[in-house]
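Everything below concerns the one structure shown next.
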Amino acid sequence: MFDLTGRVAAVTGGNGGIGKGIALGLAEAGAAVAILARNESKNLAALAELRSINANAIALRLDVNQRTALQSALDEVAVKLGPVDILVNNAGIAIPGGGLRLAAEDWDRVLETNLNSCFFLSQIAARSMAARKSGKIINIASEYSRFGNPIAPSYAASKGGLIQLTKSMAIELAADNIQVNAIVPGWIESDMTAPIKSRPFYNEILMRTPAGRFGTPAECGGAAIFLASHASDFITGATIFVDGGYAIR
Ligand code: NDP
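Its first residue numbered 20, the sequence shown is counted upward by one per residue in our numbering.
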């Protein structure tokens, strides 16, 4: 049920943090994996890790904010590995700045990376999936899709929008046997959360998280394997929390 042999996955931001955890998880389950991210040295390091577990993998340099580059990136994956069966929209950024001070270009950059690119990539991938009557789209959201965030309203708005996009595309694409679901990571160890470790907020997170710790990128990989596999074929428009219980306290 969980075997992904013969399937092709594309993971945006798959060169580090949660994206790399997901890329490694999908590869361990048998998928061929394409990493799509900007930083060439991180891409090469992640590719080496994937190949060390004998994965059939490639890494392509892609800035998901370059809308005109999205189609050609997925076309290149199709040529090198095959058409994308599993799309993971993971690339994301957070730019701190409350609503009164946030610059317009920072608002746009967060929305473009965290929401708009997910729609445009999903649209391209889903056209091909629909023709084959099979596909999985997995969007990486955030607890801030549900909670307000006064220091990064752009981030919260982008992730809230991503959950609504997940539900909307799930309904539209169900007839084509494409499942669209979201993962909400809690606090996960990554470059994005590393600076928090030196702040008092870190202990507040641990106190509030019933599991009493940060999660690992590999633990997000487990949820992604489930949502990418036949084990979840009757699950669509859902959100899976990988958060050690943070959201329920
Ligand atoms: P990291 O900062 O470690 O990773 C972010 C990834 O996104 C990098 O691989 C980066 O690649 C890629 N990326 C950013 N901008 C672009 C772009 N324009 N084009 C292509 N790739 C891009 O963060 P995390 O692993 O923590 O975050 C991954 C996702 O999980 C994000 O969507 C984040 O919002 C979400 N998340 C994380 C949580 C956490 O606790 N860590 C909690 C909840 C959600 P490159 O360096 O090559 O640009």
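Quick reminder that beta carbons are idealized off the backbone N, C-alpha and C, glycines included.
For this session: Leaving out five residues on either side along the sequence, give the residues of the same chain with a beta carbon under 8 Å from the beta carbon of Phe245.
Result: Within the sequence shown, numbered from 1, the residue matching residue 245 stands at position 226. These residues qualify, in order along the chain: Phe21, Ser251 and Ile259.
Exercise. Is Thr255 helix, strand or coil when you go by DSSP?
Worked result: Residue 255 sits at position 236 when you count from the first residue of the sequence shown. Thr255: coil per DSSP, three-state reduction.
Exercise. Taking C-alpha atoms, which residue in Ile159, Ala257, Cys239 and Leu89 lies nearest to Leu45?
Worked result: Your numbering for residue 45 matches position 26 in the sequence shown. Looking at the Cα atoms, Cys239 is the closest of the given residues.
Exercise. Does the beta-carbon of Ala150 have 16 or more other beta-carbons within 10 angstroms, so that it is buried, or is it exposed?
Worked result: Taking the sequence shown and counting its residues from 1, the one referred to as residue 150 is at position 131. Exposed.
For this session: Determine the contact status of Ile267 and Ile202, defining contact as a CB-CB distance below 9 Å.
Result: Sequence index remark: in the sequence shown, residue 267 carries index 248 (1-based). Sequence index remark: in the sequence shown, residue 202 carries index 183 (1-based). Contact flag unset, no.
For this session: Could you check what DSSP says for Gln85 in three-state terms: helix, strand or coil?
Result: Reading the sequence shown from its first residue, position 66 is the one you call residue 85. It is coil, neither helix nor strand.
Exercise. Just to confirm, are Ser23 and Ala53 a CB contact at a threshold of 9 Å?
Worked result: On the sequence shown, residue 23 is found 4 positions in, with the first residue counted as 1. On the sequence shown, residue 53 is found 34 positions in, with the first residue counted as 1. Strictly speaking, residue 23 in this sequence is Leu, with Ser absent from that position. Against a cut-off of 9 Å, the Cβ pair of Ala53 and Leu23 comes out as no contact.
For this session: Compute the beta-carbon to beta-carbon distance between Thr255 and Gln198, rounded to the nearest angstrom, for a pair I have assumed lies under 8 Å.
Result: Here residue 255 refers to the residue found at position 236 when the sequence shown is read from its first residue. Here residue 198 refers to the residue found at position 179 when the sequence shown is read from its first residue. That pair is a contact at about 4 Å.
Exercise. Is Tyr174 near the ligand NDP, judged by its Cβ being under 8 Å from some heavy atom?
Worked result: Here residue 174 corresponds to residue number 155 of the sequence shown, with the count starting at 1. Result yes, Cβ under 8 Å from the ligand NDP.
For this session: Report the partner residues of Leu246 according to the DSSP bridge assignment.
Result: What you label residue 246 is simply residue 227 of the sequence shown in a count that begins at 1. Beta-bridge pairing links Leu246 to no other residue.
For this session: Indicate whether Ile207 and Ile215 have their beta-carbon atoms separated by less than 9 Å.
Result: As a first step, residue 207 must be located in the sequence shown, where it is residue number 188. As a first step, residue 215 must be located in the sequence shown, where it is residue number 196. No. Outside cutoff.
Exercise. Quick one: Cα of Gly35 to Cα of Phe138, how far?
Worked result: As a working mapping, residue 35 is identified with position 16 in the sequence shown. As a working mapping, residue 138 is identified with position 119 in the sequence shown. Cα-Cα distance, rounded: 22 Å.
Exercise. Mapping DSSP to helix, strand and coil, what is Arg128?
Worked result: The residue given as residue 128 occupies position 109 in the sequence shown. It is helical.
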